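Presented below is the structure to which this report refers.
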Amino acid sequence: MEPVLAQGSALPPFGRRCTLQRVTRMDVLRTSEWSDIINHVRIHFPDLVRGWFNNLEPRGIQSGLFTIAAENHAQVRYLIDHCRQAFTEAAQASTGMLIAVRFETDHVEPPPNPSLSFEQESPEIVLNSAYVFENFVTGPCNRLAHAASVAVSEAPGKAYNPLFMHGDVGLGKTHLLQAVCHTVREREPHRRMLYISCETFTNHFFEAVAKGAMSQFRYRYRHLDVLAIDDIQFLGQWERCQEEFFHTFNTLHQAQRQVIVCADCCPSDIPGLQERLISRFNSGLVALVDRPCLETRMAIIHQKAKLRCIEVPEDVIKLIATRIETNIRELEGALIKIDALSQTRGEAITHALAVEALGPLNTRRSVAIPEIIDLVSSRYSVRVSDIQGRKRTKSITFPRQICMALARQLTHHSLEEIGGFFGGRDHSTVLYACRLIDEARTHDPELDRSLQEMTGLLMQGQSPR
Ligand code: ADP
Ligand code: MG
Numbered sequence: 009m010e011p012v013l014a015q016g017s018a019l020p021p022f023g024r025r026c027t028l029q030r031v032t033r034m035d036v037l038r039t040s041e042w043s044d045i046i047n048h049v050r051i052h053f054p055d056l057v058r059g060w061f062n063n064l065e066p067r068g069i070q071s072g073l074f075t076i077a078a079e080n081h082a083q084v085r086y087l088i089d090h091c092r093q094a095f096t097e098a099a100q101a102s103t104g105m106l107i108a109v110r111f112e113t114d115h116v117e118p119p120p121n122p123s124l125s126f127e128q129e130s131p132e133i134v135l136n137s138a139y140v141f142e143n144f145v146t147g148p149c150n151r152l153a154h155a156a157s158v159a160v161s162e163a164p165g166k167a168y169n170p171l172f173m174h175g176d177v178g179l180g181k182t183h184l185l186q187a188v189c190h191t192v193r194e195r196e197p198h199r200r201m202l203y204i205s206c207e208t209f210t211n212h213f214f215e216a217v218a219k220g221a222m223s224q225f226r227y228r229y230r231h232l233d234v235l236a237i238d239d240i241q242f243l244g245q246w247e248r249c250q251e252e253f254f255h256t257f258n259t260l261h262q263a264q265r266q267v268i269v270c271a272d273c274c275p276s277d278i279p280g281l282q283e284r285l286i287s288r289f290n291s292g293l294v295a296l297v298d299r300p301c302l303e304t305r306m307a308i309i310h311q312k313a314k315l316r317c318i319e320v321p322e323d324v325i326k327l328i329a330t331r332i333e334t335n336i337r338e339l340e341g342a343l344i345k346i347d348a349l350s351q352t353r354g355e356a357i358t359h360a361l362a363v364e365a366l367g368p369l370n371t372r373r374s375v376a377i378p379e380i381i382d383l384v385s386s387r388y389s390v391r392v393s394d395i396q397g398r399k400r401t402k403s404i405t406f407p408r409q410i411c412m413a414l415a416r417q418l419t420h421h422s423l424e425e426i427g428g429f430f431g432g433r434d435h436s437t438v439l440y441a442c443r444l445i446d447e448a449r450t451h452d453p454e455l456d457r458s459l460q461e462m463t464g465l466l467m468q469g470q471s472p473r
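Residue 31 in my numbering sits at position 23 of the sequence shown, and the numbers go up by one each step.
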């Protein structure tokens, strides 16, 4: 008699190509049927086959589910990710039954090495519950980064990979990164995801090196569906860590796993970052999160007030948005300050109360872009209309780039807004100009001196022609 692989009633004989039956009871599988299934996979899906398939163990069929056991979790992962379709087709063809397959393992993961703190961490990642897409206000400053994050959260590894988001502090990078993680966790809870700061990554790395536990480290970071690292700019300081991250990145990327990172500047501006990592990051989507314009700042305050159930009159919203131009965290802080004063006093929020709560205005003079254009055009003897126009001759582009760099430094306008003053150029042109001038002044002392002098004049409000 042919051996059976699970207890219960016998299946129809092997090889019978009947109309697929629905299976609801516990069924057994004959050895020959199992060989048939494996052979079917070998013949029809040769690329998927691995040496360890010989050790897979069929566990029988229950309620239409055919269970196959593997030796460990990594194998189960591989089977789930790549082979479910192949085994389903093979099982249905070989048994003649309408069955689905599931994979499992009895293997118990070795207990964590108590000397390694990162092994003891809860697999549950800690996310701020407020950092979700619903609470994120979009505007021209962050539209691309937001759209890309949503796309990544809906199809990790498929949309933009890697996704690199950069921008000044307090502009919503961490919010977006965590929003991706929230969405993935909600939509696909089985996904293995890790959200960490770059500092944690480097700490884990050095700890693993010191304890000789690199294989655990690699297992942890290379068997993920989504790796999200915040403040990746700190990687530039650590040569060996970069090496390790490079290999982690490659392993994940080749397996079409999602890598998503944030930094305070674009890849090529990260001090000490290796060229090969710069090029890896640039191979995906690099999205800027820029300073928000007035309308976006007002929309954000509206939204934060709503979330905190604070009634804020329109003139107070405008007051906060006008006073705080560069950092959304500070916008929130201002709102909290005003609310706290209104609660202590037992008074409703009014413009006067808000002014009192926010204290005296920052006395630093605010510089207007036309003043910059005026000063630079007179220094370089070019017409204002040329600086703001589309001509691309060097004698005009250079002073125009200087204007853009000074505007970035001395005003609170976003890159996009600055571009608008100079013939409707886009944010990347402005960013390029700022970098070019920064670079040029490092090896041109004359230019550096002239820029310093113009900065001084503009800040004091004395920009004689
Ligand atoms: P970053 O990581 O760029 O320094 P965060 O993501 O920590 O900035 O954002 C700082 C604060 O500003 C957070 O409370 C975040 O919720 C809020 N914030 C930033 N951008 C937005 C936005 N577009 N809409 C709503 N809240 C935002
Ligand atoms: Mg952050």
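Every residue gets a Cβ at the ideal spot worked out from N, C-alpha and C, and that includes glycine.
The model shown is predicted, which means the values in this text are computed figures rather than measured ones.
- Following the DSSP letters along the chain, one finds V49 inside the alpha helix (DSSP H) bounded by residues T39 to H52.
- C-alpha of L243 to C-alpha of F213: approximately 11 Å in a straight line.
- Residues G431 of the same chain have their beta carbon placed closer than 7 Å to that of R398, with the five preceding and five following residues left out of the count.
- Each residue's CA atom was taken as its position, placing R288 and V267 some 11 Å apart.
- Contact check between the segment 212-227 and the segment 171-188: fewer than three CB pairs, one atom from each, fall below 8 Å, which does not count as touching.
- The segment 269-321 contains, as complete beta strand (DSSP E) runs of 3+ residues, the segments 293-296 (chain order).
- Every unbroken stretch of the beta strand (DSSP E) spanning 3 or more residues and falling wholly within the segment 164-218 is given here in chain order: 171-174 and 201-205.
- From the listed residues V363, H261 and L281, the smallest Cα separation to H231 is found for H261.
- In the assembly as shown, D233 is a buried residue. Its beta-carbon has 16 or more other beta-carbons within 10 Å.
- The bridge partners DSSP lists for Q70 are L73.
- Annotation: L235 is outside any alpha helix (DSSP H); the continuous beta strand (DSSP E) that includes it extends over V234 to D238.
- Not one heavy atom of the ligand ADP lies closer than 8 Å to the C-beta of R151.
- Apart from sequence neighbours up to five positions away, the residues of its chain that approach T256 with a beta-carbon distance below 8 Å are R226, Y229, R230 and L235, ordered along the chain.
- Going by C-alpha positions, Q311 is about 7 Å away from N143.
- With a cutoff of 8 Å, C273 does not count as near the ligand ADP, since its C-beta is closer than that to no heavy atom of the ligand.
- For V134, the number of other beta carbons within 10 angstroms of its own is below 16, and it is reported as exposed.
- Where A356 is concerned, there is no enclosing alpha helix (DSSP H), because DSSP gives it neither an H nor an E.
- Each residue's CA atom was taken as its position, placing D452 and L383 some 20 Å apart.
- Among the bridge pairs identified by DSSP, T96 is matched with none.
- Around the ligand ADP, the residues selected by a Cβ distance under 5 Å to any of its heavy atoms are F144, V145, V177, G178, L179, G180, K181, T182, H183, I308, I336 and R337, following chain order.
- Pairing C189 with S40, the inter-Cα distance amounts to about 45 Å.
- For D238, the Cβ falls inside the 8 Å cut-off from some heavy atom of the ligand MG.
- R398 is bridged by DSSP to nothing; it lacks a bridge partner.
- The residue from V297, A78 and P368 with its alpha-carbon nearest to that of A342 is P368.
- With a contact defined as Cβ atoms closer than 8 Å, I404 and I395 qualify at about 7 Å.
- The Cβ atoms of F95 and V84 do not sit closer than 9 Å to each other.
- If you draw a straight line from the Cα of R67 to the Cα of Y168, it comes to about 39 Å.
- Here T103 is not near I51, since their CB atoms are 9 Å or more apart.
- Checking the DSSP bridge columns, you'll see A78 partnered with T113.
- In this chain, the alpha helix (DSSP H) harbouring N258 covers E247 to Q262.
- Closest in C-alpha terms to S393, from the list I381, G175 and T210, comes I381.
- Considering only G72, L73 and I46, the residue with the shortest C-alpha distance to N62 is I46.
- Around the C-beta of S422, 16 or more other C-beta atoms lie within 10 Å, and the residue is accordingly described as buried.
- A straight line joining the alpha-carbon of D298 with that of E251 spans about 30 Å.
- With a cutoff of 8 Å, C270 counts as near the ligand MG, since its C-beta is closer than that to a heavy atom of the ligand.
- Under the three-state reduction of DSSP, E333 is assigned to coil, being neither helix nor strand.
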